[in-house]
Each structure stands twice: as C-alpha cells, then as structure tokens.
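Chemist: Let me give you the structure first, and then I'll get to my questions.
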Amino acid sequence: MDFVSQPDSQNPALWDDIAKQYSEESDAGETEVAAELESILSGLGVMGGTSILEAGCGSGHISSHLASRGYNTTLVDFSKIALDKAEKLYKKNSLDGRFVYSDLFDMSKVVGMHDVVWNSGVLEHFDAWQAISALQTMASVAKKFIIVMVPNPTSISYMTFRDKALAQGSWQWGLEILRENLNDIVLFSGLEIVKEQFVGETHLKYFDDYTGLKRDDSQQVSDQRYLKVVVARHSHNIISADSKLKLLYKILKDDSKVLRKTYYHDADILMNRLHSSGVKTEQNYKLIAQLNDKLYSARNNATTLQDNIEQLQRALHTEQKENADLKYKLQYEKNRLDVLLNTKTWKLTKLYEKKFQGNMGGKIIEKIVDYTLRKEDTQKDKENDIQTNDTQKDKEDTIHAEIQSILKRHPDVKGVIIYPPAVDWNIPLLQRPQHMAMHLAQNNWLYFYCTTNAYDHIDGFEKLSENLYLTNMYDELVDTLDSFLMFVHCAHPTITVPELEALSGKAVLIYDYLDEIHPDVSGLREGDVIERHTYMMKNSMAVVATAGKLYSNVAKVRNTGIHLLPNGVDYDHFHIKRDSDEMPKEFQSIVKSGGVILGYFGAVAKWIDYSLIKTIARENPSWHIVLIGWDYDGTVGNNGLDEYENIHYLGVKKYDILPDYAVCFDVCILPFVVSDVTNSTSPIKLFEYMALGKPIVTTPIREVNNYKCPLVASTPGEFAQKVRDALKLRNNSKYLEMVDSEARANTWKKRFDDLDDILLSLNS
C-alpha cells in the first residue's frame with residue numbers, strides 16, 4: 016500500500032487493510048513485548064485478576080497474553096476486522112475477554128472503570144491536540160495507570176527501517192509523529208509520569224535484517240529498543256492557568272517542529288523516489304501535487320500557529336481575571352453569610368419567622384438581614400480588608416472545612432477512628448483492615464480509612480458507606496481533629512515513634528498486631544519497625560493481637576490492655592452453592608479433564624511450601640492443584656510450578672468473584688511452611704474455606720490447632736493421605752455441620768462486635 020494514497024493514519028479503512036495481514040499467532044517480538052508489559056504491570060503492583068483495557072488493540076496478541084496470565088482484559092478498536100480477529104484469537108485459546116467496537120475518543124460503550132488503560136503504536140498517529148484528547152479519554156476510564164507505547168525515535172534500527180520502507184514505498188502505517196518527549200503532553204492531560212523505559216529488543220533483529228544494518232556492541236543498549244513505554248497516572252497537582260498556558264504554548268511549538276520535521280522528511284523521501292523512478296505517469300504527477308499541497312498547508316499552519324496562540328493567550332488572560340474576580344466575590348459573600356448565621360440577630364430572626372408563620376416574617380427578615388449585613392460589613396472593614404490567601408492556605412481551609420462538614424453530618428457517632436495509610440483499600444486482596452473499617456462503621460463509628468494512594472485514586476474524601484470515608488488527607492485529619500482513636504498497623508510503611516509521641520493528648524493509640532515482625536511480611540526497614548513495635552507494645556492504650564503466639568509476645572511486656580482477636584469471614588459472601596452453568600471458564604477445562612481439584616487462594620509467597628505442592632502433584636497426577644492469588648514476592652515463577660500440567664496458577668481474582676472460583680474446589684488446602692511467620696498467622700482463608708463448606712487439609716501451623724474441622728498433616732505423604740480422607744468427607748453431613756458451625760462462630764461481625772466493646776471502654 017502506498018503511503019501517499021492512504022496518508023490518513025486515523026482512517027479505519029487503512030487499519031482494516033492492515034488487519035487483514037495479522038497473523039493468528041504472536042511473533043517473537045510481540046511475545047517479548049507482552050512479557051515486558053506484564054513485568055511492568057507487576058512492578059506497579061497490578062497483578063492478574065485486575066482489569067486491563069487496551070484502547071486500540073489491533074491484533075490483540077499482547078492482550079491475549081495478559082488474559083492467559085489471569086488479567087481481565089477489554090479490547091477496543093475502530094477496525095471491525097482487527098477486533099474480529101482478536102476475538103477469534105481469544106476463542107481459539109479459550110480465553111475470556113470483552114470486545115468493544117468503538118473509536119479511541121469515545122469510551123461511552125466501555126463498561127465501568129479499569130485498573131489500567133493502555134495501548135501500543137497508537138499515540139504517534141495523533142497531533143498534540145489529539146494526543147491530549149486521547150490520553151484524557153483513556154484516563155476517564157482508568158482507575159490507576161495509563162500506559163502508552165510509542166516507536167522510539169532514538170532507535171537507529173527502527174529509524175533506518177522506517178526510512179528504507181518509506182523510500183521503497185512499502186510503508187503502510189500512515190503518518191507517524193515521533194516525539195522524544197511526552198512529558199508536557201502527559202502533564203497537560205492532567206496526568207503525571209510514573210516511569211519510562213524501553214522495550215522490544217527482539218524487533219531490532221527484524222529491522223536490521225530488513226535494512227542490512229550492522230550495529231556494534233556499543234549500540235546494543237536499552238534506549239535503542241523499538242518501543243518507548245510511558246507509564247502515567249492521575250495527577251493531584253493543580254496547574255495554575257498561567258502555567259497551563261505556558262505549557263500549552265510549549266507543546267504546540269514543539270509539536271509543530273516535530274510535525275514539520277516528520278512530515279517534510281517523509282514527503283521528501285517519497286518525492287525523491289518518484290522523481291528518480293523515471294516513470295512520469297499522470298498518477299505520479301497527481302501524487303506529487305498532493306504532497307506539495309499538504310506541505311503548503313503545513314507551512315501555513317505553522318505560520319499561523321503563533322497568531323492562534325497569542326489570541327488564546329489574550330482570551331485566557333481575560334477569563335483568568337474574570338474567574339479571580341468571581342472567586343473573590345464568592346468568598347466575600349460566603350464570609351458575610353458565615354458571619355450572619357452565627358449572630359444572635361439571625362437566631363432572633365428565625366424565632367420571628369416561626370412566630371409570624373410567614374405573614375410578616377418575610378419583611379422583618381429582609382430588614383434585619385439588611386441591617387445585620389451592613390453592620391457586620393462595617394465592622395469587618397474596620398478590622399481588616401478581605402485578603403485572598405495563597406493557594407496552599409486556601410486548600411488547607413477547604414480541607415479543614417470539609418472535615419468539619421463530615422463531623423457535622425455524623426453528630427451521633429460513638430467516636431472517630433483514624434486508620435493511617437498502611438494498606439490501600441483497593442489492594443488485590445481484601446484484608447482484615449478493610450473488613451474492620453466496614454464493620455466498625457456499621458457499628459456507628461465515624462471511620463477515616465487513609466490511603467497511600469498506591470492503588471487508590473483519591474484526592475480528598477470519598478464516602479464508601481455510611482460513616483466510612485476513604486481519604487489521602489491523613490496529616491490534615493490529625494491536625495484538625497481534637498480527639499480520636501487510631502489504629503497503628505504493625506507493618507506500617509512510614510509512621511515513626513516521634514510522630515506517635517506528637518499525638519499524645521489527642522489520640523488513643525491501639526496497636527494492630529497482625530503479623531510477626533519479620534522482613535518476609537513487611538519488607539521494610541527493620542530498625543524502624545522494631546523501634547515502633549517496642550514503643551507500641553509498651554505505650555499504646557491497647558494491643559489487639561490476631562494469633563496466640565502474638566498474644567504471648569505481648570503478655571511478656573505488659574499484663575493489661577491485651578486482646579486476642581483472630582481473623583474472621585464474611586460468611587454470606589462465601590457460603591454459596593456450586594453452579595456448573597456459572598462455572599468460570601478457567602475451571603471448565605480443568606473439570607472436564609477429570610480428577611479432583613485441590614484449591615488454595617490468598618497471597619502466594621515464600622511461606623507457601625512449593626516443594627510440598629510439587630510432590631503432591633508429581634505423585635498424584637490425576638489431582639489438579641489450583642492456586643489463586645497475588646504473587647506477593649515474585650516467587651511463583653521461580654519454583655518450577657509450570658513444569659507440572661496439573662498445577663494451575665490462575666493469578667489474582669477480585670474479592671467479589673473469588674467465591675465463584677473457590678466453590679469449584681473439592682478440597683481446600685493450606686500448604687504453609689511452618690515458621691515463626693506462619694505460626695503467628697491467623698489465616699483469613701481458613702475461615703473462608705469453612706464458609707464454603709469444604710473439607711480442609713493444612714500443614715501444622717499453630718493457629719489451626721484451635722479448630723476442629725481442619726485435617727492436619729506434617730509430611731507430604733501424610734498430606735496426600737489427609738486429602739484422600741477429606742475427599743471421603745465431602746458428603747459427610749456430620750463433618751460438614753461441624754465445618755459450618757465453626758464458620759458461623761468466626762465471622763467478622765462477631766470479631767468486630769467484640770472490638771466495639773473494647774473501643775467503647777477506651778473512648779469513655
């Protein structure tokens with residue numbers, strides 16, 4: 016296809032023709048890029064089970080790889096042929112995905128928000144205005160990250176390939192605007208760059224084979240790779256109108272240079288080819304004329320660009336001034352109203368209004384309001400003129416006012432609780448801190464759940480449910496509130512002893528002792544963690560321990576204010592029946608192959624006994640072992656699990672749909688290595704297994720000894736035998752009644768009703 020005859024890279028017909036050439040299988044370069052993208056996602060904490068949308072999917076090869084790794088993928092494209100091919104690829108490989116026939120600039124057909132919205136080989140086909148619009152549209156459906164991959168203009172191999180393809184007339188991808196820097200466009204779009212890197216080394220061999228380019232070893236560096244990856248997220252930084260104008264001017268100026276350089280360069284190559292071909296056909300003359308017209312148009316656009324920007328600058332300056340005046344007037348009237356509402360005169364006015372029941376009240380109120388405002392204005396003018404504060408002061412006042420507003424909306428709560436930013440609300444696993452927040456809020460505590468914003472996109476206060484707010488305003492809360500209860504997570508990432516000491520007199524500190532203080536759990540600076548642990552063990556008003564071993568640790572330090580509060584279960588969420596019609600597709604092939612299913616869900620990390628799992632799989636090939644969960648420390652891929660056809664790692668599944676998977680287990684397993692860490696753990700999954708009504712086989716960690724239904728095994732051989740015993744118990748009514756009874760006795764509601772009593776005693 017001739018570049019000149021189809022120059023519009025945003026024409027669906029162009030991509031329909033290209034889509035006809037898509038292979039059904041990924042090539043080595045695509046496979047490499049897919050794996051590198053998965054690694055980037057993992058590094059961002061975006062694991063399997065999260066929702067990923069590709070906005071401009073093309074062949075769908077990379078998304079299909081992510082789908083095979085457990086990600087929930089949605090593919091969008093404006094080429095029907097490309098989308099149909101991607102959907103066929105998914106069906107061929109028995110993968111789940113959603114396919115949306117739509118333009119990148121229209122996400123109205125996309126259902127819900129997605130953790131990551133990404134594309135590759137798309138943004139370079141747009142000018143600056145379109146690129147900004149594309150990023151903003153992608154961001155409108157992205158909860159966490161926006162990722163774009165664009166050709167790398169510093170790659171010698173790619174640029175040599177591109178020039179040769181243009182010169183030979185084999186270039187078919189339309190206009191590319193190759194920018195070395197996307198920072199300003201990303202910033203203007205309301206985003207901020209998290210990281211940048213280069214991927215696609217395998218592509219270089221293809222390019223070099225095509226061009227005959229020979230590169231020495233010094234050119235085999237990361238920044239020579241085919242694609243540049245830009246990872247961005249929503250920015251909380253507010254850009255002033257003046258700064259935004261300057262940024263816009265720079266973007267348009269830079270993009271104009273890039274556009275002229277790119278377009279003139281490409282056009283020159285093609286025109287030279289036509290002139291040197293020696294074939295003076297009418298068609299070639301028309302093509303040359305078209306190119307000249309486009310070049311003339313581009314020059315005119317560049318010439319008028321400065322005029323357009325200056326007009327925009329003048330208009331924006333006028334609007335900025337008008338907005339400042341309106342803001343001043345609004346603040347002025349708000350201050351007057353606040354003064355009025357707090358005067359005795361206003362309170363008397365309300366009494367008059369009630370007494371006269373509207374007959375004379377209106378006139379009286381009007382006169383009194385007028386008098387009061389004039390009086391208060393005069394007094395105000397005497398004291399000081401209203402001055403506008405700087406942006407930071409305005410923001411602090413706004414946040415303070417919002418906190419006070421929330422407090423006023425909840426006047427009858429038992430008290431205020433702050434959970435500092437330790438565990439984000441939207442982490443891949445719904446854990447004890449979230450359950451605790453929900454249940455205490457239901458018990459009429461005003462609960463502020465603070466986030467690090469690694470997974471949550473929040474700026475301010477988001478109401479999650481009655482009495483429960485998610486916020487990134489921890490410092491402002493602590494500064495504003497006069498008194499509150501505060502839980503301190505034992506593995507809190509940053510809070511220090513001096514910060515805790517500074518809260519003396521206003522905060523009732525409760526130590527949330529969830530896990531053994533160990534690098535495998537916290538991964539933090541051990542000295543800081545131990546120092547805070549020592550302080551909280553002695554100085555907190557109460558220590559809440561989740562396991563017997565942790566309780567014993569506390570009892571060695573203090574003899575009062577110690578409370579054992581193990582983990583629990585949302586019984587109704589997990590107590591569901593297996594429905595073959597609703598079985599997840601990932602399980603259908605496993606079930607159809609026959610054999611029983613041993614299942615585990617939860618964090619998958621070094622405390623999992625991988626050796627035990629492999630032994631069971633090897634000696635019992637008819638058994639399927641299914642692991643579901645977050646690859647917490649990257650150990651899943653390093654333990655040889657993929658060598659066994661009957662071991663299936665399905666990645667992370669959202670808490671909402673996790674029971675739909677787990678109900679397919681025949682036996683639930685807890686294959687933990689026995690260690691200080693696991694002996695100090697109250698496994699949430701143990702109680703969730705109970706609520707599922709499944710037989711349970713576990714290694715002999717300390718906490719399982721407190722319950723009757725788990726079958727405990729110490730060796731691989733014993734573990735396999737306990738599985739056989741558990742299979743016989745699947746329909747044993749007496750055993751299942753015991754499992755159900757223990758589940759009902761260990762609900763989150765029961766746990767946090769007990770905690771409610773503790774908190775009331777501390778808050779009295």
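In the numbering used here, the protein residues as written are 16 to 779. From the three backbone atoms N, C-alpha and C, an ideal C-beta is built for every residue, glycine too.
Roughly how many angstroms lie between the CA atoms of N746 and S637, to the nearest whole one?
Modeler: 21 Å
Chemist: In whole angstroms, what is the alpha-carbon distance linking W144 and K106?
Modeler: 37 Å
Chemist: Could you tell me how far apart the beta carbons of P674 and H578 are, in whole angstroms, since I believe they sit closer than 8 Å?
Modeler: Not confirmed; about 30 Å, so no contact.
Chemist: Quick check on the DSSP output: what are the complete alpha helix (DSSP H) runs of length 4 or more inside the region 109–154, in order along the chain?
Modeler: Taking 4 residues as the shortest admissible run, the region 109–154 contains the following complete alpha helix (DSSP H) segments, listed from N- to C-terminal end: 143–154.
Chemist: Does the Cβ-Cβ distance between F499 and D527 come in under 8 Å?
Modeler: no
Chemist: Excluding five sequence neighbours on each side, which residues of the same chain lie with their C-beta closer than 7 Å to the C-beta of R14?
Modeler: In the structure as shown, the chain starts at 16 and stops at 779, and residue 14 therefore has no counterpart that could be examined.
Chemist: Measure the CB-CB distance between Y664 and L642 and report whether it falls below 8 Å.
Modeler: Yes. Within cutoff.
Chemist: Measure the beta-carbon distance from F734 to V712 and round it to whole angstroms, keeping in mind my assumption that it falls under 8 Å.
Modeler: 6 Å
Chemist: Hey, quick one: how far does the alpha helix (DSSP H) through E216 stretch, first residue to last?
Modeler: It is not in any alpha helix (DSSP H) - E216 carries neither H nor E in the DSSP assignment.
Chemist: Any idea what DSSP makes of K229, helix, strand or coil?
Modeler: coil
Chemist: Quick check: Y434 and P448, are their CB atoms within less than 8 Å of each other?
Modeler: Taking the C-beta atoms as reference points, P448 is found nearer than 8 Å to Y434.
Chemist: Pull up the distance between the alpha-carbon of E297 and that of Q183, whole angstroms please.
Modeler: Because the pLDDT of E297 is 47, which lies under 50, any placement of that residue in the model is unreliable, and the number read from its coordinates should be weighed accordingly. Approximately 20 Å between the Cα atoms of the pair.
Chemist: Near D142, what residues of its chain come up, given a Cβ to Cβ distance below 8 Å and the 5 sequence neighbours on each side ignored?
Modeler: Excluding positions up to five away in sequence, the list reads I192, D270, L274.
Chemist: Just the Cα atoms here: how many angstroms apart are D497 and C72?
Modeler: 53 Å
Chemist: With DSSP run on the structure shown, which of helix, strand or coil describes S608?
Modeler: coil
Chemist: Which same chain residues, not among the five before or five after S204, have their C-beta less than 6 Å away from its C-beta?
Modeler: I147, L150, Q151
Chemist: Identify, in the order they occur along the chain, each residue of the same chain with its Cβ nearer than 6 Å to the Cβ of N458, setting aside the five sequence neighbours on each side.
Modeler: D771
Chemist: Could you check how far apart the C-beta atoms of S780 and K600 are, in whole angstroms? I think they sit under 8 Å.
Modeler: Because the chain in this structure spans residues 16 to 779, residue 780 falls outside the shown range and cannot be described.
Chemist: Just mark E139 as buried or exposed, buried being the case when its beta carbon has 16 or more other beta carbons within 10 Å.
Modeler: buried
Chemist: Given this structure, state the Cα-to-Cα distance separating T65 from A49, to the nearest angstrom.
Modeler: 16 Å
Chemist: Do F825 and D238 have their CB atoms nearer than 8 Å?
Modeler: Since the first residue of the chain shown is 16 and the last is 779, residue 825 is not available in this structure.
Chemist: What span of residues does the beta strand (DSSP E) with Y37 cover, start to end?
Modeler: It is not in any beta strand (DSSP E) - Y37 carries neither H nor E in the DSSP assignment.
Chemist: Going residue by residue through the region 150–200, where are the continuous alpha helix (DSSP H) segments of at least 4 residues, counting only ones entirely within it?
Modeler: 171–183
Chemist: Out of curiosity, what's the CA-to-CA distance linking I96 and A34?
Modeler: 6 Å
Chemist: To the nearest angstrom, report how far apart L366 and L775 are at their CA atoms.
Modeler: Legend: pLDDT at L366 = 48, less than 50; position of this residue unreliable, value from coordinates given subsequently. For L366 and L775, the distance between alpha carbons rounds to 39 Å.
Chemist: So the candidates are M551, E718, P710, Y241; which of them puts its Cα closest to the Cα of P698?
Modeler: E718
Chemist: Let's see if you can read the secondary structure: which residues bound the alpha helix (DSSP H) around Y750?
Modeler: 748–759
Chemist: Going by CA-CA distance only, name the one from P27, H80, S57, I773 that's closest to G430.
Modeler: I773
Chemist: Suppose you measure from the CA of I605 to the CA of T730; what does that come to, to the nearest Å?
Modeler: 27 Å
Chemist: Counting C-beta neighbours from all protein chains within 10 Å, is the total for E660 16 or more, i.e. buried, or is it exposed?
Modeler: exposed
Chemist: Which ranges does the alpha helix (DSSP H) cover as unbroken runs of at least 4 residues, wholly within the region 652–723, from first to last along the chain?
Modeler: For the region 652–723, the full-length alpha helix (DSSP H) segments reaching 4 residues or more read 673–677, 691–694, 699–707 along the chain.
Chemist: In chain order, which continuous runs of the alpha helix (DSSP H) of length 4 or greater are located wholly inside the region 467–508?
Modeler: 489–495
Chemist: Could you tell me the alpha carbon to alpha carbon distance between E211 and G520, rounded to whole angstroms?
Modeler: 46 Å
Chemist: Are the CB atoms of V115 and V137 nearer to each other than 8 Å?
Modeler: no
Chemist: From E703, P715, K607, V727, pick the residue whose C-alpha is nearest to that of T762; which is it?
Modeler: Here the closest residue by C-alpha is E703.
Chemist: Using 8 Å as the threshold, is the C-beta distance between K765 and G583 below it?
Modeler: The answer is yes: Cβ separation under 8 Å.
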